Amino acid sequence: MTGFDASPYAALSAVMFFIGVGGVILRRNPLIMLMSIELMFNAANLALVAFSRAWVNNAGHVFVFLVVTVAAAEAAIALAIVVALFRRSTNVDVDEVARLRG
Amino acid sequence: MTGSALVSLLTLWMLPFFSAIVIWALGPQLRRAAGVLGSAAVLLSFVLACALFGVATAPGGLHVTPLIGWAPGFTFGLLLDPLSLVWVLIITGVGGLIHLYSIGYMAADKAVARFFAYLNFFVFAMLTLVLSDNLVGLLVGWGLVGVASYFLIGFWFYKPSAVAAALKAFVINVFGDVGLMYAIFVLYGATGSIAYADVFAKAASLPSGVILTACIALFIAAAAKSAQVPLQTWLPDAMEGPTPVSALIHAATMVTAGVYLIARFAPLWNASPQAQELVGTIGAVTALLAAILGTAQWDIKRILAYSTMSQIGYMIMGVGVGAYEAGVLHFFTHAFFKAQLFLGAGLVIHALHEEQDIRKMGGLRRRTPFAFVAMAIGTLAIIGVPGFSGFYSKDAVIYGTLEHGHPLLYAAAVVTAGITAYYMFRMLFVAFGGHYRGEVPEARLGMAQREPSEPVHAREGHVPDWVMQIPVGVLIVGSIGAGYLAIGGAQSPWWRFLSSLYGGAQATAPAPISELLSSLIVLAIVIAGVAVAYYRYGTRSATASAVERLRGEALRMPAVLTNAFYFDAAIELLFVRPARRLGALFAGFVDPAVIDAGVRDVVWLTGAAGYLFRALQTGLVRGYALTIVASAACFVAWFVLTGAAR
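If you're matching them up, the sequences are chains V and X in order. When the letters of the first sequence are read in order and numbered with the working numbering, they come out as residues 1068 to 1169. When the letters of the second sequence are read in order and numbered with the working numbering, they come out as residues 83 to 728.
Put into structure tokens, the structure is as follows:
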């Protein structure tokens, strides 16, 4: 133990995560939803580095890099989808884009 | 075993195969060269086989193993011993002559390259059959010759009758293949090996039930391939193929594969007297029935087909009772004179523009003198006139039945010899004696009215006569001289040649009459048969009123003979019709009500499931997100409550 107290970081991470969750569920603008997802990624990253530091285990640090990479890839695809959506119709309300309903 | 012998053996085996592929591939470009190439390949194989004579007759023969390893315990090798050498020499020697003859016979046919490709392929398949040193290789060759036979019977595939005959031959042959396969299972199960050497080494110690089962299964195969009762009906129909095919496959070589099979598996038959009894009896029954049917045929090739069946009956009888040398000798001589008879018939058919009915012939000794000489010498050989090869081999078989204690078979064999003499001379008198009847209308000869048909050969590409006459001439030499090898009985070159295989087999019963007396009895019966034929067809008054007599005979022919003892009808009733019924059942009920219905049920089930589950696909992204979050929350709750996170 290093005496490092991870609880404030964990609390901040939890708050960020639930803000992200709320954003994804409640907002209808796809761009805002994407930003909320990024927020959740970063909340997870924060928790990872904090616990990594607390338990002196570098696996958490390594994992953060992976998450960042995945997030970048995800952002590229998601933005492409948003652009494609916007081209088809100027509507940016995700609830209106429900053509895949079974 | 020397390296050069190995190379020679491999070459003689594979040469016809590669030649078949080359002819097949180059096909139309070759034209006349196809026949030359095919004949050269087979004749070269013959030369190589002759060169290997010394190696093959050495103790143990020439045994190349393993040539190919399939799996542990399953290795393929080649075995050239005196028995397979006899077959190889006939297949390549007589086969080569028939190839040469075919150059002339098939010259006008457009598909001559295809013909020679098939013919070469057949030679390769037959060599595989006799050279294999194990059961599985035998089965491969066995199946391949069946395929080659199918191709060649149906060579003129635009004739519906040829296609039907090919199919019939193939189906019955496959029935035999199944028997052979079953025998392999039984023998492998009992001995743990597929090699002849291993199987025969253990043959004496096997339980008699196993041997009997294996022998019966083997005999089903032999009977199907060699046209023995009750699997004989395909052979007369197989005459739909070109005449050289009839000579090579359905007279000289393939149909004798059953004789080879029994001669090769002699150690098994020797260990099972019941099986020998069965085989000898079937052989005798076939010889007799086929000879009787031979008296009722009008088609020159069908007469020869029935006589082939009858002569193979002799061979099967011979090897069946244990007189292996005699049975194989009869194969050897029969190959010459029967090939010669078929090729002679081919000359006649060729000269008469595809006429095969002997009622439309007559007086041909002046029109086709060479064919007459060939047919006459072949006839003298087949009925067993002393001095001709058939005499020595047929007498050896007939006397062999007596030596091995089968007086009933002896009686059947003697009677058959008389009938053979009768129907062969009937053919000779009707076709070659008297006056030409080609212009006599069909109705006056008691023939069914025929559709005027397209001639199969357009008479354009002409080949000099000697191309077809030389092979026949060589065969004439063989059918006179082949029997001289066996003069002197057990001390003759033939018996000593095969002694390494059958030297131990001795006569089991002292024959009640001497061989000389037996020969005289047979000869008397043969002369009687010839006399009857002469009285009915050969006398001056008979030839003068030939048209009326033939018409009367055709109209009064007993139905039992025109229907070939109803074997076809019985097979139709017992197998073909039930099979059709079964097919109708499957088509009418099983397919729509079981298989299709099953598929439809699966389709319905999938649809119903989709109908249920598609409600989940709302298309609302935020709804999906909520589901994910709720699920995650459930997981977290579960972890916390069960304490699994600790």
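Cβ atoms here follow ideal geometry from the backbone N, Cα and C, with glycine treated the same way. These numbers come from a predicted model, not from an experiment.
| Item | Value |
| --- | --- |
| Inter-residue CB distance, Gln500 of chain X and Ile382 of chain X (contact presumed, cutoff 8 Å) | Here the sequence assigns Gly to residue 500 of chain X, which means Gln is not the residue at that position. About 21 Å separates the two Cβ atoms, so there is no contact after all. |
| Proximal residues, the region 647-663 of chain X versus chain V, C-beta separation under 8 Å | none |
| Between the CA atoms of Phe671 of chain X and Asp683 of chain X - distance to the nearest angstrom | 16 Å |
| For Trp224 of chain X, the three-state DSSP class (helix, strand or coil) | helix |
| Identified DSSP bridge partners for Phe203 of chain X | None, per the DSSP bridge assignment. |
| Cutoff 9 Å: Gly689 of chain X Cβ touching any chain V Cβ | no |
| For Val730 of chain X, the nearest candidate out of X:Ala277, X:Val245, X:Ala193 and X:Ala199 (CA to CA) | The structure shown does not extend to residue 730 of chain X, since chain X is modelled only from 83 through 728, so no value can be given for it. |
| C-beta atoms of Arg315 of chain X and Phe649 of chain X nearer than 9 Å | It is worth fixing the name first, because residue 315 of chain X is Thr in this sequence and not Arg. Result yes, Cβ atoms of Thr315 of chain X and Phe649 of chain X sit closer than 9 Å. |
| C-beta neighbour in chain X for Val1161 of chain V, strict 9 Å | yes |
| CB contact check: Ala1147 of chain V to chain X, cutoff 9 Å | no |
| Under 9 Å between C-beta atoms of Gly155 of chain X and Ser214 of chain X | no |
| Cβ contact check for the region 480-494 of chain X and the region 358-374 of chain X: 3 or more pairs under 8 Å | yes |
| Contacts that Ala707 of chain X makes with chain V (C-beta to C-beta distance below 7 Å) | Val1091 and Ile1092 |
| Contact set for Ala540 of chain X: own chain, Cβ-Cβ below 6 Å, skip 5 residues either direction | Annotation note: pLDDT 46 at Ala540 of chain X (below 50); position unreliable, coordinate value reported separately. The residues are Ala190. |
| Glu542 of chain X, buried or exposed, once every other Cβ within 10 Å from all chains shown has been counted against 16 | Reliability of the predicted coordinates at Glu542 of chain X is poor, the pLDDT of 45 falling under 50, and the value obtained from them is presented with this limitation in mind. So Glu542 of chain X ends up on the exposed side. |
| Proximal residues of chain V, C-beta to C-beta of Leu702 of chain X below 7 Å | Asp1162 and Ala1165 |
| Alpha helix (DSSP H) segment containing Gly1201 of chain V, residue limits | Lying before the first or after the last residue shown, residue 1201 of chain V is absent from chain V, which here runs from 1068 to 1169. |
| Opening and closing residue of the beta strand (DSSP E) in which His145 of chain X lies | Leu144 to Ala153 |
| Residue closest to Leu91 of chain X, alpha-carbon to alpha-carbon, out of X:Leu161, X:Gly109 and X:Leu108 | X:Leu161 |
| Contact test: Leu375 of chain X Cβ vs the ligand PLP heavy atom, cutoff 8 Å | The ligand PLP is absent from the structure shown, which contains no ligand whatsoever. |
| Exposure of Ala286 of chain X, with buried meaning 16 or more beta-carbon neighbours within 10 Å | exposed |
| Contact set for Ala248 of chain X: own chain, Cβ-Cβ below 6 Å, skip 5 residues either direction | Tyr232, Ile235 and Gly236 |
| Per DSSP, the bridge partner or partners of Leu160 of chain X | X:Val146 and X:Ser214 |
| Backbone CA spacing between Gly402 of chain X and Gly365 of chain X [nearest angstrom] | 8 Å |
| Where Gly271 of chain X falls, given that 16 or more other Cβ within 10 Å makes a residue buried | exposed |
| Three-way DSSP call (helix, strand, coil) for Asp191 of chain X in this model | coil |
| Ala712 of chain X versus Leu694 of chain X - alpha carbon distance | 22 Å |
| Closest by C-alpha distance to Leu343 of chain X, when choosing among X:Gly409, X:Pro355, X:Ala283 and X:Ala133 | X:Gly409 |
| For Asp731 of chain X, the residue or residues it bridges with in DSSP | This structure does not reach residue 731 of chain X, given that chain X is present from 83 up to 728, and the question cannot be answered. |
| At least 3 beta-carbon pairs within less than 8 Å: the region 349-356 of chain X vs the region 411-426 of chain X | no |
| Closest by C-alpha distance to Met391 of chain X, when choosing among X:Ser475, X:Gly376 and X:Gly705 | X:Gly376 |
| Residues that Ala277 of chain X bridges to, as DSSP identifies them | X:Asn216 |
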